[in-house]
Amino acid sequence: MAIDTDTARKVARLARIRVEEERLPALAREFDAILGFIEQLNEVDVAGVEPMTSVTPMRLKRRQDVVTDGNRQAEVLLNAPDAREGFFAVPKVVE
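Reading the sequence shown from the start, the letters are residues 6 to 100 in my numbering.
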C-alpha cells in the first residue's frame, strides 16, 4: 500500500501534528515503511502459537475480591480543602 502526500497530510491533520509542506514526502515514505513492516508481520505463520502477555511465563498475584472501606478515612480527608464530620465538604451548587 503506497501512501501519498495527500494521505500523509490527512493523517498529520487527524493527529493534530503540524508538518511543513516540504516534509510531507518524507513523512509519506516513513508511513509507507511502517506499513511495509506490518505487511511482513502478517506473513509470519503463528498457527498454534498461544498469545502471551510477557516474554517470561508468570502469573499475576491474586487477592480476595472483598469490599472494604480501606480504613484510611482520616488520611484521605487530609487531601480535602474542607472536611466536616468525616466527609468532603463542597459548596452547594443547586438551589
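Even glycine gets a Cβ: it sits at the ideal position worked out from N, Cα and C.
Bounding residues of the alpha helix (DSSP H) (the contiguous stretch that carries residue i)
{"i": "GLU80", "result": "78–82"}
{"i": "ASP11", "result": "10–19"}
{"i": "ALA31", "result": "29–47"}
DSSP three-state assignment for residue i, whether helix, strand or coil
{"i": "ARG64", "result": "coil"}
{"i": "ALA88", "result": "strand"}
Sub-8 Å separation of residue i and residue j beta-carbons
{"i": "ILE8", "j": "PHE42", "result": "no"}
{"i": "LEU29", "j": "ARG14", "result": "yes"}
Between the CA atoms of residue j and residue i - distance to the nearest angstrom
{"i": "ASP11", "j": "ALA31", "result": "12 Å"}
{"i": "PRO62", "j": "ASP70", "result": "24 Å"}
{"i": "ASP87", "j": "VAL24", "result": "47 Å"}
{"i": "LEU83", "j": "VAL98", "result": "23 Å"}
{"i": "ALA85", "j": "PHE93", "result": "6 Å"}
{"i": "ASN47", "j": "ALA20", "result": "25 Å"}
Spatial neighbours of residue i in its chain, beta-carbon cut-off 8 Å, leaving aside the 5 residues before and after
{"i": "ARG68", "result": "none"}
{"i": "GLN78", "result": "GLY91"}
Chain-order list of residues whose beta-carbon lies under 7 Å from that of residue i (same chain, five-residue window excluded)
{"i": "LEU65", "result": "none"}
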